[in-house]
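Residue numbers (this note's numbering): 2 to 245.
What follows is the structure, encoded as structure tokens:
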């Protein structure tokens, strides 16, 4: 089984804190003075049209991209530190697994990188959880896209992260992979994990989210609770806070 969190979540500080973050691509400001705080145990839907800055923000929070200005922390630790990164599980557009390794070899590798206690047991547990135990020794390059996505889910959850960063996680998934991801997200919420999820699937996002962030041209247009109006009419947020 995956190791329990050794340190435990400190509920006295935000799970994610972003303070006055700017990110430039050349002269273009992809993120413009972003400040937000995400509390432990919440599920935040990160919304916005294409090009709004959602993926850029997630990459900065994950420590995969440097901000030009500002600070990002995970439970009070700078996101560039190993202590912060070990608390993060990331599932993005890049699947992040190795084609020339088998499924079990991939998870063994990441278990070592994350210093997972009983890594062999954790790898076996997650292969079973995502329905890949029968092809544990199969090379990933021979897997279907759906199988690869399920292995990526296992890789993201392998080390029992306290904070999950998901970038359009349901896009291009087959039905089996969607069901697997829905199950592990429900389990994560029940266990008090913190989820920040970028998505264009408004109805599904509103049903799952406790909070909502709407981005518009690199700025925050809305950050707050998911309201009954949003649940009843997912387009309400865009009509009231979106781009004119």
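Glycine residues also receive a C-beta, built at the ideal position from the N, C-alpha and C atoms.
Report all residues from its chain with a CB closer than 6 Å to the CB of residue 243; omit the five preceding and five following residues, and keep chain order.
none
Going by DSSP in three states, residue 234 sits in which element: helix, strand or coil?
coil
Quick one, are the C-beta atoms of residue 43 and residue 16 less than 9 Å apart?
yes
Can you check whether the CB of residue 48 is closer than 9 Å to the CB of residue 55?
yes
Would you say residue 160 touches the ligand ZN, meaning its beta carbon is less than 8 Å from a heavy atom?
Summarising the ligand content, the structure contains no ligands, and the ligand ZN is consequently not present.
Please state the DSSP three-state secondary structure of residue 25.
strand
Look up residue 84 in the DSSP assignment and say whether it is helix, strand or coil.
helix
Just verifying my parser: in three-state terms, what is the DSSP assignment at residue 149?
helix
Which runs of the beta strand (DSSP E) spanning at least 3 residues fall entirely within the segment 39-108, listed in chain order?
44-48, 70-75, 89-92
Enumerate in chain order the residues of its own chain whose CB-to-CB distance from residue 97 is below 7 Å, with the five nearest sequence positions on each side excluded.
153, 156
Compute the beta-carbon to beta-carbon distance between residue 108 and residue 159, rounded to the nearest angstrom, for a pair I have assumed lies under 8 Å.
6 Å
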